[in-house]
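This report refers to the structure that appears directly beneath it.
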Ligand code: C2E
Ligand code: MG
Ligand code: MG
Ligand code: MG
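Numbering (UniProt numbering), first residue to last: 365 to 647.
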């Protein structure tokens, strides 16, 4: 039976293809790992900054630092990928501190009314050495800790809830704000969001894709109600269109971030854009 034979061939073919893909993925991962281990991190890593807008004043309140790595061997490697590899190969502590020091140095160039938001890896809070080194780096930078926000993901909290709780309490006692990043993408957000001393919630950009549909709007508006009830600032991530901006604003979202407001870029370019008068975004 030709058809049966053919489909068996196809199946076998796709199995081969699958394991080939798997092998390729492992090889790519090893390539990132070895490039990372031999990298001159200080020279190859750079931070870009994306603005967060207060829609009630049309002013930038904060910039989020986003890591950019250009490896001489591999070219540009996205942060999601190299952070995950650094976590697995035990380099995350030094990578986090290197990136944080760069961000703090750049932040000295910002006007005093603009804050810095920095992403932590889920491993960072679980390591007391890392938390102490973060505090030391902040102190050394001379930047007012009240201008700093640290962004955490749910994975960080699930790894060691009590440890995270203690670290957050310590950081907040020094004036550092804590944001829960990518809210709504984890497994049990509602289980602990009220049990942690948080300052802000960043609503994952995945929700913005549907914010113009009735159901999507209701989901976003429910999350914003939750923020309000808990006394937390809600920040809508991934705002790309004016329609999305209007939709979240109608539901009382004060802070927004996304390509519509500005793309991540080097500090010098960001400062230039702040100095260049533009049309108000949130009118
Ligand atoms: P994140 O913290 O949720 O950062 C937001 C991501 O969404 C960034 O991707 C940003 O460039 C992208 N983005 C912002 N606005 C828009 C938009 O309107 N549309 C779309 N499609 N995307 C938008 P990026 O820079 O590739 O970073 C990805 C993730 O890597 C970050 O997600 C964060 O979890 C991690 N990451 C980045 N920098 C660092 C870092 O310095 N340390 C650690 N531990 N993680 C970092
Ligand atoms: Mg973030
Ligand atoms: Mg996010
Ligand atoms: Mg993310």
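C-beta: ideal position from N, C-alpha, C; glycine also.
Other residues of its chain near residue i: CB distance less than 6 angstroms, five sequence neighbours each side excluded
| i | result |
| --- | --- |
| residue 397 | 449 and 453 |
| residue 456 | 450, 485 and 487 |
| residue 483 | 515 |
| residue 495 | 531 |
| residue 608 | 572 and 575 |
| residue 505 | 468 |
| residue 415 | 424, 427, 625 and 626 |
| residue 541 | 513 and 563 |
| residue 489 | 520, 528 and 531 |
| residue 509 | 502, 538, 539 and 540 |
| residue 399 | 435, 437 and 438 |
Sequence-distant residues of its chain with Cβ nearer than 8 angstroms to residue i (five each side left out)
| i | result |
| --- | --- |
| residue 611 | 575, 576, 581 and 584 |
| residue 592 | 598 and 616 |
| residue 367 | Residue placement at residue 367 is poorly supported in this model, since its pLDDT is 43, which falls under 50; the coordinates still yield a value, given next. Taken in chain order, the list of residues that qualify is empty. |
| residue 395 | 437 and 438 |
| residue 463 | 409, 411, 429, 431 and 482 |
| residue 369 | With a pLDDT of only 40 at residue 369, under 50, the local geometry of the prediction cannot be trusted, and the value read off the model is given with reservation. If we look at residue 369 and ignore the five residues flanking it on each side, it has no Cβ neighbours. |
| residue 587 | 547, 548, 565, 567, 571 and 598 |
Buried or exposed (CB count within 10 angstroms, at least 16 for buried), residue i
| i | result |
| --- | --- |
| residue 412 | buried |
| residue 539 | exposed |
| residue 641 | exposed |
| residue 570 | exposed |
| residue 385 | exposed |
| residue 511 | buried |
| residue 517 | buried |
| residue 652 | The displayed coordinates of the chain run from 365 to 647. Any statement about residue 652 would go beyond what the structure contains. |
| residue 390 | exposed |
| residue 470 | buried |
| residue 403 | buried |
| residue 372 | Only weak support exists for where residue 372 lies, its pLDDT of 47 falling under 50; the value from the coordinates is given anyway. Burial call: exposed. |
| residue 643 | exposed |
Coil, strand or helix - residue i by DSSP
| i | result |
| --- | --- |
| residue 563 | coil |
| residue 412 | strand |
| residue 495 | helix |
| residue 394 | helix |
| residue 639 | helix |
| residue 372 | Confidence at residue 372 is low in this model, with a pLDDT of 47, below 50, so its placement is unreliable and no value can be given for it. |
| residue 629 | strand |
| residue 447 | helix |
| residue 519 | helix |
| residue 383 | helix |
| residue 634 | helix |
| residue 645 | coil |
Terminal residues of the beta strand (DSSP E) in which residue i lies
| i | result |
| --- | --- |
| residue 481 | 479-483 |
| residue 426 | 423-435 |
| residue 439 | 439-441 |
| residue 541 | 541-547 |
| residue 556 | First-last for residue 556: 553-556, but that is the alpha helix (DSSP H), not the beta strand (DSSP E). |
| residue 419 | From DSSP, residue 419 is part of no beta strand (DSSP E); its letter is neither H nor E. |
| residue 619 | 619-621 |
Residues of its chain near residue i, where Cβ-Cβ distance is below 7 angstroms and the 5 sequence neighbours each way are ignored
| i | result |
| --- | --- |
| residue 420 | 618 |
| residue 568 | 546, 547, 548, 549 and 601 |
| residue 596 | 562, 563, 564 and 565 |
| residue 668 | Residue coverage of the chain in this structure runs from 365 to 647, which leaves residue 668 outside it and unanswerable. |
| residue 461 | 497 and 501 |
| residue 473 | 631 and 635 |
| residue 465 | 501 |
| residue 558 | 594 |
| residue 710 | No answer is possible for residue 710: the residues shown for the chain start at 365 and end at 647. |
Min CB distance residue i to chain C below 8 angstroms
| i | result |
| --- | --- |
| residue 432 | Given the protein chain composition of this structure (a single chain), no chain C is represented. |
Residue i, enclosing alpha helix (DSSP H) - first and last residue
| i | result |
| --- | --- |
| residue 402 | Run containing residue 402: none; DSSP gives neither H nor E here. |
| residue 460 | 456-471 |
| residue 532 | 525-537 |
Just list the beta strand (DSSP E) runs in the region 570-610, keeping only unbroken ones of 3 residues or longer that don't cross its boundaries, in chain order. Listed in chain order, the complete beta strand (DSSP E) runs (minimum 3 residues) inside the region 570-610 are 597-600.
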